[in-house]
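Trainee: One structure is given below, represented as structure tokens, and several questions about it will come after.
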Amino acid sequence: MHQDYAILKRQDNIDAYFKDIEKIYVSNGWGSSYPEGLLRQMFSASYYLLATTTGGAVGFLRGFTDGAMVTHLSEIVVDPGLQRRGIGRLLMQKFLQDIGHTTIYAEALNPQAAQLLERHGFGESRNLRVYSRTKTLG
């Protein structure tokens, strides 16, 4: 099923895929616009995997890691028309191959995300509280 997808990693140049990445974010309801400069900043500061086909990017995973002890999985996002076809699973498997030696923290924002995490060995932490702060403009 997923043999048609290539996985690009952080060291690969993904500039040609920024329009696809913006489309994936927006089509999933995550905002209305992602200018190229913003995407470049977001992806240059993170660990990422990008699933591609000959037609362009179809999904991605982003996180932050020190590479030794701790990783925060920020997001796994797949084109809505291609969800439930193994792309998220493929991204997660590669992520765990690369970073599975660290403690990984992730938040599930919906039941589907929780199911994906649980299928890959994540469990809900009863002792962990998540805090957030909205960015300030200006």
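Take any residue in the sequence shown, note its place counting from 1, add 21, and you have its number in my numbering.
No residue lacks a Cβ here, since even glycine has one placed at the ideal position from N, Cα and C.
Nothing here was measured: the structure is a model prediction, and the numbers come from that model.
Using a Cβ distance threshold of 8 Å, determine whether the region 59-70 contacts the region 36-44, with at least three qualifying pairs required.
Mentor: Taking 8 Å as the limit for Cβ pairs, the verdict is that the region 36-44 does touch the region 59-70.
Trainee: For Pro-101 and Asn-49, what's the separation of their Cα atoms in angstroms?
Mentor: Taking the first residue of the sequence shown as position 1, residue 101 is located at position 80. Taking the first residue of the sequence shown as position 1, residue 49 is located at position 28. Each residue's CA atom was taken as its position, placing Pro-101 and Asn-49 some 6 Å apart.
Trainee: So what does DSSP say about Ala-72, is it helix, strand or coil?
Mentor: Reading the sequence shown from its first residue, position 51 is the one you call residue 72. Strand.
Trainee: Please classify Val-79 as buried or exposed, where buried requires at least 16 neighbouring CB atoms within 10 angstroms.
Mentor: Here the question's residue 79 lines up with position 58 in the sequence shown. Label assigned to Val-79: buried.
Trainee: Only counting runs of 3 or more residues, tell me where the beta strand (DSSP E) segments fall wholly within the region 73-156, in order along the chain.
Mentor: 77-86, 91-99, 124-127
Trainee: Write down the C-beta distance between Leu-94 and Tyr-26 rounded to the nearest angstrom, noting that I regard them as a contact closer than 8 Å.
Mentor: On the sequence shown, position 73 is the one that residue 94 refers to. On the sequence shown, position 5 is the one that residue 26 refers to. With 8 Å as the limit, Leu-94 and Tyr-26 do not qualify as a contact, their Cβ atoms being about 19 Å apart.
Trainee: Would you check if the distance between the CB atom of Thr-155 and the CB atom of Ile-120 is smaller than 8 Å?
Mentor: Numbered from its first residue, the sequence shown carries residue 155 at position 134. Numbered from its first residue, the sequence shown carries residue 120 at position 99. It is not a contact, given that the beta carbons lie outside the stated cut-off.
Trainee: Could you give the residue range of the alpha helix (DSSP H) that holds Leu-60?
Mentor: Looking up residue 60 in the sequence shown gives position 39. Here the alpha helix (DSSP H) through Leu-60 covers 57-65.
Trainee: Output the distance between the C-alpha atoms of Ala-66 and Asp-87, rounded to the nearest integer angstrom.
Mentor: For the purposes of this step, residue 66 is identified with residue 45 of the sequence shown, where counting begins at 1. For the purposes of this step, residue 87 is identified with residue 66 of the sequence shown, where counting begins at 1. Distance between the alpha carbons of Ala-66 and Asp-87 is about 12 Å.
Trainee: Can you check which of these residues, Arg-147, Gly-77, Thr-123, is closest to Ala-37 by C-alpha distance?
Mentor: Position 16 of the sequence shown holds residue 37. Looking at the Cα atoms, Gly-77 is the closest of the given residues.
Trainee: Pull up the CB-CB distance for Thr-124 and Ala-89, whole angstroms please, since I reckon it's below 8 Å.
Mentor: The residue labelled residue 124 in the question sits at position 103 within the sequence shown. The residue labelled residue 89 in the question sits at position 68 within the sequence shown. Not a contact, Cβ separation roughly 10 Å.
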